[in-house]
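Residue numbers (this note's numbering), protein chains in the order written: chain A, 1 to 77; chain G, 1001 to 1196.
From the three backbone atoms N, C-alpha and C, an ideal C-beta is built for every residue, glycine too.
Just so you know, these numbers come straight off a predicted model, no measurement behind them.
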Amino acid sequence: MKCKGVIRQLCDYLDGELDPALAEELEKHLEHCEDCHLVVDTTRKTIEIYCNTEPLPLPADVRGRLERALADRLRES
Amino acid sequence: MPTHLENETTLVAEARAGSAEAFTALVNQYDRHIYRLAFNITGNREDAEDVLQEAFLKAYSNLGQFQGDSRFYTWLVRIAVNEALMKLRKRRGDRSVSLDDPVETDDNQLLPREIEDWGPSPEDRYSQAELREILFVAIDGLEPHFRTVFVLRDVEQFSTEETAELLALSVPAVKSRLLRARLRLRQRLNKYFKRG
């Protein structure tokens, strides 16, 4: 597998959805290609950092307005 | 993705029968997630708040149409995504926002630049507030058709198939956009997270 092949298969590999034979080929490439190794590693970290972010509590004023809008609608119905 | 409420089916049924308490329980479970989703897609707090309100008001008005063949949360997200994309189109005026925008097919454009080591936990170099700002600015710089796929797939953690269904896209289209979104975000974050 060449560098372009690694990039094409990157998502399936990181998501654990790559065919095992192809994954083995990709990992062999990573052993001797420092650039691809770093791209795989930093893309994995990119995904991890985003998926570890917790949603913030709603700002009090936003929650207040949402509650009032819903209360109005519930009263109408 | 938020925890699925154990009694969700019951709450939805009660809300459909007119229980305000049941609907409020659903709102309280999912409001933060819908707000984050809306903020990440629209890139604007005011729009995110409007989307949040509209999504819950529409969900309430259309509860009768909810078939129960998906999670209530998935149904709610579909409403919120549509509202968020409408906001984006309005705000950007003439610059049309479409999920059908053509995707470049030249693989050479995918080959990453600025390849540097980030070290084990690069995010720890920033405070929570700084990190949130960095991540938001990076997402906001993506085109809407990449951003929306990334937000659903990697931030809200829907599966590829669910993301495809939510956006009425094919699975290969989602995968293609996700690859480009992930690579572009990696590139954008590089300057903050690279070693040294």
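### Message
D1154 (chain G) and I7 (chain A) - do their beta-carbons sit closer together than 7 Å?
### Response
In the first sequence, residue 7 (chain A) corresponds to position 7, counting from 1. In the second sequence, residue 1154 (chain G) corresponds to position 154, counting from 1. Not a contact, by the Cβ cut-off of 7 Å.
### Message
Counting only Cβ pairs nearer than 9 Å, list the residues of chain A close to R1182 (chain G).
### Response
Mapped onto the second sequence, residue 1182 (chain G) falls at position 182. In chain order: L10, C11, L14, T43, T46 and I47.
### Inter-residue spacing [alpha-carbon to alpha-carbon] between K1194 (chain G) and G1043 (chain G)
The residue labelled residue 1194 (chain G) in the question sits at position 194 within the second sequence. The residue labelled residue 1043 (chain G) in the question sits at position 43 within the second sequence. Going from the Cα of K1194 (chain G) to the Cα of G1043 (chain G) covers about 25 Å.
### Message
Considering only the alpha carbon of each residue, which of G:S1061, G:R1078, G:T1163 and G:N1082 lies closest to D72 (chain A)?
### Response
Counted from its first residue, the first sequence places residue 72 (chain A) at position 72. Out of G:S1061, G:R1078, G:T1163 and G:N1082, G:S1061 has the C-alpha closest to the C-alpha of D72 (chain A).
### Query
alpha helix (DSSP H) containing M1086 (chain G): first to last residue?
In the second sequence, residue 1086 (chain G) corresponds to position 86, counting from 1. Looking at the DSSP string, the run of the alpha helix (DSSP H) that includes M1086 (chain G) is F1072 to R1091.
### Task
Using a cut-off of 9 Å between C-beta atoms, extract the partners of D19 (chain A) located in chain G.
Here the question's residue 19 (chain A) lines up with position 19 in the first sequence. What D19 (chain A) touches in chain G: nothing, since even the nearest Cβ is about 14 Å away.
#### Entry: K2 (chain A) (DSSP reduced to helix, strand or coil)
In the first sequence, counting from the first residue as 1, residue 2 (chain A) sits at position 2. Residue state, collapsed to three classes: coil.
### Query
When we look at the beta-carbon of P57 (chain A) and count the other beta-carbons within 10 Å, is it buried (16 or more) or exposed?
Residue numbering aside, residue 57 (chain A) sits at position 57 when the first sequence is read from its first letter. Classification for P57 (chain A): exposed.
#### Entry: Helix, strand or coil at D19 (chain A) according to DSSP, with G and I counted as helix
In the first sequence, counting from the first residue as 1, residue 19 (chain A) sits at position 19. Note: D19 (chain A) maps to coil in three-state DSSP.
### Message
Just to check my reading of the structure: E1008 (chain G) and F1072 (chain G) have Cβ atoms closer than 8 Å, yes? What is that Cβ distance to the nearest angstrom?
### Response
Position 8 of the second sequence, counted from the first residue, corresponds to residue 1008 (chain G). Position 72 of the second sequence, counted from the first residue, corresponds to residue 1072 (chain G). Confirmed, Cβ separation roughly 6 Å.
### Message
So within the segment 1148-1192 of chain G, which uninterrupted beta strand (DSSP E) runs reach at least 3 residues, ignoring any that extend past its ends?
### Response
none
### Query
Taking C-beta to C-beta, are A1048 (chain G) and F1039 (chain G) nearer than 7 Å?
Position 48 of the second sequence, counted from the first residue, corresponds to residue 1048 (chain G). Position 39 of the second sequence, counted from the first residue, corresponds to residue 1039 (chain G). Cβ distance < 7 Å, so A1048 (chain G) and F1039 (chain G) count as in contact.
### Message
Do L1152 (chain G) and T1163 (chain G) count as a contact pair if the criterion is CB distance below 7 Å?
### Response
Numbered from its first residue, the second sequence carries residue 1163 (chain G) at position 163. Numbered from its first residue, the second sequence carries residue 1152 (chain G) at position 152. Cβ distance < 7 Å, so T1163 (chain G) and L1152 (chain G) count as in contact.
### Task
Look up N1028 (chain G) in the DSSP assignment and say whether it is helix, strand or coil.
Residue 1028 (chain G) sits at position 28 when you count from the first residue of the second sequence. N1028 (chain G) falls in the helix class under three-state DSSP.
### Task
Helix, strand or coil for K1194 (chain G), going by three-state DSSP, please let me know.
Start at 1 with the first residue of the second sequence, and residue 1194 (chain G) comes out as number 194. The answer is coil: DSSP assigns K1194 (chain G) none of H, G, I, E or B.
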